Amino acid sequence: MQITTLFFGATADAAGTREAKIAINDGTTVRELIEKLRTDYTGLATHKLLFALNEEYAETDTIIKDGDEVAIFTAVSGG
Amino acid sequence: MDLYELTTEPIDINAVARRIVPAECGATVTLDGYARRFTREKDGTTRETEYLVYEAYEPMALKEMAKLIEAARLKFEISNVGIVHRLGRLEIGETSVVISVAAPHRKAAFAACEWLIKELKHTVPIWKKEVYADGEAWAEGESA
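Residue numbers (the numbering used here), protein chains in the order written: chain A, 1 to 79; chain B, 1 to 144.
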């Protein structure tokens, strides 16, 4: 199945992209996806990563569904 | 009426404060957060910023702002809230965020405004890049 990953700020710089469509296996959790992304984009390794699933903060053991949008980012720094 | 917006245009602080005023209120507290030139580091040195760049995960940022307003209204005796955050490049001294809280009495408005900015800095997906004379860095906040 295919999902969309989004990157912002430091993770966009580290990944060298702001958006990537990637194929993952059924039953993949957010934690497993982030491990895969750390392998695919080695620049992410040095960052503590947060994420959102379909525009909401989610637990790392949440299973990702086909067509989901997963955003990967560092601790927010607005204000 | 509450309002929560993201904009790449300069923010008119008075307009934000005035747009949220309801008849039953007696005080509005407004925070004007703006880009700071000098930042004191933990090691005692001072770093000079030339300008800032903000970016957001916009649809999620707007949802999180709406959630904060709802949570603030449950927690404090307040009426309307306005939150506007600037995105894009900001020069030193330009307003990055405005939070206005209207309440029947000022005490709750002060408390809610302080709570809202603290929560915004922890939960709303917006990131700040600081650009210096000799480099740049994305600020990483405290984790949510």
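Heads up, the beta-carbon is just placed ideally off N, CA and C, and yes, glycines get one too.
All values derive from a computational prediction rather than experimental measurement.
Per DSSP, what are the beta-bridge partners of residue i in this structure?
{"i": "B/F38", "result": "B/E48"}
{"i": "B/I126", "result": "B/A56"}
{"i": "A/F8", "result": "Bridge partners of A/F8: none, in fact."}
{"i": "B/D32", "result": "B/V98"}
{"i": "B/G135", "result": "B/Y132"}
{"i": "A/E19", "result": "A/L6"}
What's the gap between the Cα of residue i and the Cα of residue j?
{"i": "B/G33", "j": "B/E41", "result": "19 Å"}
{"i": "A/E69", "j": "A/A10", "result": "19 Å"}
{"i": "B/T39", "j": "B/Y54", "result": "17 Å"}
{"i": "B/R73", "j": "B/T123", "result": "17 Å"}
{"i": "B/I117", "j": "B/I99", "result": "7 Å"}
{"i": "B/R146", "j": "B/A35", "result": "The structure shown does not extend to residue 146 of chain B, since chain B is modelled only from 1 to 144, so the question has no answer here."}
{"i": "A/D40", "j": "B/E9", "result": "37 Å"}
{"i": "B/I92", "j": "B/R86", "result": "13 Å"}
{"i": "A/T46", "j": "A/E56", "result": "24 Å"}
{"i": "A/E59", "j": "B/E24", "result": "41 Å"}
{"i": "B/A71", "j": "B/L3", "result": "14 Å"}
{"i": "B/H145", "j": "B/T7", "result": "What the structure shows of chain B is the stretch from 1 to 144, and residue 145 of chain B is not part of that stretch, so it cannot be assessed."}
Which same chain residues end up closer than 7 Å to residue i when comparing Cβ atoms and leaving out the 5 residues on each side of it in sequence?
{"i": "B/A111", "result": "F76"}
{"i": "B/K121", "result": "G141"}
Is residue i buried or exposed, if buried means 16 or more other CB atoms sit within 10 Å of its CB?
{"i": "B/P22", "result": "exposed"}
{"i": "B/E130", "result": "buried"}
{"i": "B/P125", "result": "buried"}
{"i": "B/A103", "result": "buried"}
{"i": "B/G135", "result": "exposed"}
{"i": "B/N80", "result": "buried"}
{"i": "B/E64", "result": "buried"}
{"i": "B/A15", "result": "exposed"}
{"i": "A/K65", "result": "exposed"}
{"i": "B/G26", "result": "exposed"}
{"i": "B/M60", "result": "buried"}
{"i": "A/A23", "result": "exposed"}
{"i": "B/K107", "result": "exposed"}
Return the chain-ordered list of same chain residues with a C-beta closer than 6 Å to the C-beta of residue i, the five sequence neighbours on each side being excluded.
{"i": "B/V101", "result": "V29, I78, V81, A109, A112 and C113"}
{"i": "A/F8", "result": "F73"}
{"i": "A/L6", "result": "E19 and A71"}
{"i": "B/L31", "result": "I99, C113 and I117"}
{"i": "A/T28", "result": "I64"}
{"i": "B/I11", "result": "V84, R86, T95 and V98"}
{"i": "A/R31", "result": "T60"}
For residue i, is the beta carbon positioned less than 6 Å from some heavy atom of the ligand PLP?
{"i": "B/D134", "result": "For the ligand PLP, the structure offers nothing, since it holds no ligand at all."}
By the DSSP assignment, the beta strand (DSSP E) with residue i in it spans what residues?
{"i": "B/T7", "result": "L3 to T7"}
{"i": "A/A58", "result": "Here A/A58 belongs to no beta strand (DSSP E), and DSSP marks it neither H nor E."}
{"i": "B/R86", "result": "V81 to R86"}
Please report the residue range of the alpha helix (DSSP H) in which residue i lies.
{"i": "A/I64", "result": "Note, A/I64: premise wrong, no alpha helix (DSSP H); not H, not E."}
{"i": "A/I24", "result": "That residue, A/I24, is in no alpha helix (DSSP H); it is neither H nor E in DSSP."}
{"i": "B/A15", "result": "I13 to R19"}
Excluding five sequence neighbours on each side, which residues of the same chain lie with their C-beta closer than 8 Å to the C-beta of residue i?
{"i": "B/A133", "result": "E48 and E50"}
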